[in-house]
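In terms of the numbering used here, the sequence shown opens at residue 20 and continues consecutively.
The C-beta atom is built at its ideal place from N, Cα and C for all residues, glycine as well.
Read through the structure below, which is laid out as structure tokens, and then see the notes.
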Amino acid sequence: MKRFDKIKVRLRQLTFATARFPLTVAFFVVAMAINTVVITKGNDRIEIIFTLMVGALLSAVLQLVYERFFHQKSVRLILMGTAALLTMGYYIINIGAPKSSPEIGIRTIVTVFALFLSFILVPTIKSRISFNESFKISFDSLIIALFFSGVIFLGLSFIFIAIDKLLVSIDYRLYSYTANIIYLLFGPLYFLSLIPIYPRNSNKEKSPFVIEREIEMIKQAAACPRLVEILISYIIIPLLAVFTLVLLAYIMINIGSNFWNDNLLESMLISYSIGIILICILASELENKFAGLFRTIFPKILMPIVLLQIASSVITMSQIGLTLTRYYAILYGIFAVIAGLILSIMPLWRNGIIAALLIVFSLISVVPPFDAFSLSRSNQKNLLEKVLIQNNMLKNNQIKPNPVISDHDKQVIIKTVSYLEMMDYTTDLKWLPADFSSYKDFAPTFGFNEDNLSEHTSQSLRLSLEEQTAIDISEYDRFIPTNISIINKQKEASQEELCKFIKSGVNYTLIKQTTPNQCTIKLLGKDNEEILELKTGATFEGFFQFEPDKDYISAEEATFSKANEQTKIT
């Protein structure tokens with residue numbers, strides 16, 4: 020009976036959440052319906068689904084604005100109408116973005132992130148509820164909703180598998196339909212049902228006693244469980260401390276050399292700073308020495324490390340231009356420095372300033388004219404045209420191939436064209452061929468192959484055999500497929516037997532020996548006597564100077580042989 024009562028309580032909470040956030044639920048229902056059509060027919064409607072997700076979260080934020088500051092029902096209707104209009108505007112922005120570009124997805128991720136932070140921040144404005152407490156409630160609710168959604172989907176999937184294997188075959192799309200309902204409707208609705216009603220800024224309808232009790236209940240809900248406190252204080256914080264020591268040691272050792280060009284370190288430092296800020300917020304209510312020392316020391320360590328990362332990103336940008344990832348690396352670096360300063364000098368209850376700052380930075384990055392997409396597109400386009408003009412490759416809006424430019428300029432052209440093509444911005448370059456594709460058009464357009472530069476340490480060359488090519492093996496006795504892989508850092512030699520065969524009563528063995536910088540094919544005869552060997556290292560070295568005008572070669576160009584009086588290996 021008690022379990023049944025709990026189910027009824029949970030259903031009432033879901034019903035109440037629907038009534039509390041009607042427009043949000045409506046957006047998710049429409050998104051679920053459209054995604055059902057996508058699953059069924061395969062039509063691409065991702066920009067509509069992304070827009071509806073933004074609209075759902077925006078309407079939830081405005082509902083909290085209403086609950087915090089207003090009483091009149093008319094204001095609620097106005098805010099809902101505002102959410103609908105802004106959602107329509109967001110859809111119009113997405114329509115103008117290139118369809119095959121990641122721009123729509125990245126803009127949506129950043130916008131959803133900013134709206135989720137707003138969802139946490141709004142109830143704490145001029146409130147006794149701190150941002151740290153609101154963050155803890157929303158964070159816990161999100162984890163619980165994801166956990167329950169995952170468990171339900173996993174359980175139903177096992178049931179479907181059992182039915183499919185034991186009873187009758189089921190449509191494979193049933194899994195997608197189920198995930199669609201759970202993750203686009205049930206999960207968000209369950210999350211909203213866990214969010215308490217925060218007290219209004221001025222509430223004359225309730226007595227001070229009732230308001231005080233509600234605030235106390237919210238603070239209890241935001242309290243950190245003992246298990247989480249142990250996890251943060253005695254596991255995560257010590258691990259971050261050790262990682263910090265490793266990071267500082269690397270910076271001190273490489274500050275004069277590799278540090279300024281290490282792109283991997285850039286993303287690592289961003290992840291590190293996110294971890295520091297997140298743990299500072301989660302540990303803000305903890306009262307133990309580990310948490311106290313962390314809040315006191317780590318924000319101060321964070322600032323100089325991130326300043327170095329910003330300097331490194333700016334140096335890299337001056338060499339290869341501004342890209343989307345570098346824009347966010349620099350923008351987030353600036354935010355992290357300011358956040359470290361706030362965490363160092365301001366009281367814990369003012370952490371909401373950090374969230375407000377991050378919301379502003381996020382909106383700047385997606386709203387023209389200073390958004391990441393406009394600035395990176397303009398910068399990469401201008402950099403490419405500048406290099407082309409300097410090398411007399413672009414004149415009167417006409418492109419002229421030039422194979423003899425410097426390797427540095429080739430690198431700039433390759434990287435800028437690759438970026439512009441990845442973002443689907445090449446249509447803005449009127450001097451490029453129509454329907455430009457690097458795979459087939461790069462070499463004829465610019466005069467050199469994008470995979471072939473003289474930097475052996477990082478060089479790669481991708482070539483394919485011409486389609487529908489027949490290979491004549493009539494003069495050979497055996498055809499043996501194998502792979503040749505030369506690993507420069509290989510420490511130990513290896514040997515592989517490719518095949519054994521008998522000819523004219525003599526046993527033969529074909530082996531492959533791999534050593535550092537070399538791979539050798541050997542034919543052994545009677546008593547393992549070596550008859551002939553073919554070293555493939557020199558074969559691949561020959562391609563370093565190869566300048567094909569296409570990404571494929573003929574059978575003759577791809578054939579290498581060695582022979583003696585007894586045999587021939589090709």
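Residue i, DSSP secondary structure in three states
{"i": "I216", "result": "coil"}
{"i": "F520", "result": "strand"}
{"i": "S188", "result": "coil"}
{"i": "S425", "result": "coil"}
{"i": "A52", "result": "helix"}
{"i": "K581", "result": "strand"}
{"i": "N526", "result": "strand"}
{"i": "E549", "result": "strand"}
{"i": "E515", "result": "strand"}
{"i": "Q91", "result": "coil"}
{"i": "S477", "result": "In this prediction, S477 has a pLDDT of 45, which is less than 50 and means its spatial position is unreliable; what the coordinates show is noted afterwards. If DSSP states are grouped into helix, strand and coil, S477 belongs with coil."}
{"i": "I148", "result": "coil"}
{"i": "T435", "result": "helix"}
{"i": "K25", "result": "helix"}
{"i": "L413", "result": "strand"}
{"i": "I58", "result": "helix"}
{"i": "S456", "result": "coil"}
{"i": "I293", "result": "helix"}
{"i": "I503", "result": "coil"}
{"i": "K419", "result": "coil"}
Minimum Cβ-Cβ distance from residue i to chain C less than 8 Å
{"i": "A462", "result": "Protein chain content of the structure displayed is limited to a single chain, and chain C is not contained in it."}
Closest residue to residue i among the options (Cα-Cα distance)
{"i": "F465", "options": "I550, N421 and S483", "result": "N421"}
{"i": "T130", "options": "I383, V436 and P452", "result": "I383"}
{"i": "E66", "options": "T342, S157 and G124", "result": "G124"}
{"i": "P121", "options": "K581, L343, E235 and V261", "result": "L343"}
{"i": "A45", "options": "L326, T70 and E549", "result": "T70"}
{"i": "G359", "options": "D546, Y527, I295 and P41", "result": "I295"}
{"i": "I234", "options": "D496, P215 and I26", "result": "P215"}
{"i": "I503", "options": "S303, S493 and T534", "result": "T534"}
{"i": "S303", "options": "K155, F380 and R126", "result": "K155"}
{"i": "F166", "options": "L439, F210 and F135", "result": "F210"}
{"i": "K587", "options": "S493, Q514, Q537 and A512", "result": "S493"}
{"i": "S141", "options": "A36, K25 and V80", "result": "The sequence shown places Val at residue 141, not Ser. Considering only alpha carbons, the answer is V80."}
{"i": "S523", "options": "T197, D496 and F35", "result": "D496"}
{"i": "P218", "options": "F135, I329 and I237", "result": "I237"}
{"i": "F354", "options": "L377, Q430 and T55", "result": "L377"}
{"i": "L288", "options": "L267, I272 and N536", "result": "L267"}
{"i": "G435", "options": "I339, K92 and S456", "result": "In the sequence as presented, Gly is not what sits at residue 435; that position holds Thr. Considering only alpha carbons, the answer is I339."}
{"i": "G275", "options": "Y253, R29, Q82 and L327", "result": "L327"}
Pairwise C-alpha distance: residue j and residue i
{"i": "Q585", "j": "L542", "result": "11 Å"}
{"i": "K184", "j": "S332", "result": "54 Å"}
{"i": "L350", "j": "I373", "result": "14 Å"}
{"i": "L413", "j": "A462", "result": "15 Å"}
{"i": "S395", "j": "S137", "result": "27 Å"}
{"i": "N410", "j": "D426", "result": "12 Å"}
{"i": "L33", "j": "S483", "result": "58 Å"}
{"i": "G74", "j": "M51", "result": "14 Å"}
{"i": "Y527", "j": "K545", "result": "7 Å"}
{"i": "R345", "j": "M336", "result": "7 Å"}
{"i": "T143", "j": "R87", "result": "9 Å"}
{"i": "T589", "j": "I418", "result": "41 Å"}
{"i": "I490", "j": "I255", "result": "60 Å"}
{"i": "I189", "j": "I182", "result": "8 Å"}
{"i": "A577", "j": "V379", "result": "56 Å"}
{"i": "D610", "j": "I572", "result": "Examination of residue 610 is not possible in this model, given that the chain is present from 20 through 589 alone."}
{"i": "L305", "j": "S513", "result": "56 Å"}
{"i": "V94", "j": "L321", "result": "43 Å"}
{"i": "S292", "j": "L250", "result": "19 Å"}
Residue interval of the beta strand (DSSP E) (run including residue i)
{"i": "E304", "result": "Segment: none, E304 is in no beta strand (DSSP E) and carries neither H nor E."}
Residue interval of the alpha helix (DSSP H) (run including residue i)
{"i": "V80", "result": "I65 to F88"}
{"i": "T263", "result": "I256 to N273"}
{"i": "K319", "result": "K308 to I339"}
{"i": "K541", "result": "No alpha helix (DSSP H) holds K541; the beta strand (DSSP E) holding it covers Q537 to L543."}
{"i": "L136", "result": "E122 to L140"}
{"i": "L367", "result": "Note, L367: premise wrong, no alpha helix (DSSP H); not H, not E."}
{"i": "E248", "result": "R245 to L250"}
{"i": "S393", "result": "A391 to Q409"}
beta-carbon residue i near the ligand FAD non-hydrogen atom, thresh 7 Å
{"i": "R31", "result": "What this structure holds is no ligand at all, so the ligand FAD is not there to describe."}
Report task. Examine the Cβ distances between the segment 149-159 and the segment 182-202 and report whether three or more of them are shorter than 8 Å. Result -> no
Query raised in the report: Can you find at least 3 beta carbon pairs, one from the segment 157-177 and one from the segment 95-102, that sit closer than 8 Å?
Result: no
**Report entry** Contact between the segment 202-209 and the segment 109-122 (3+ Cβ pairs under 8 Å)
**Finding:** no
Query raised in the report: Any chance the segment 311-319 sits against the segment 356-371, with 3 or more Cβ pairs inside 8 Å?
Result: yes
Query raised in the report: Are there three or more Cβ pairs, one per stretch, closer than 8 Å when the segment 236-254 is compared with the segment 45-65?
Result: no
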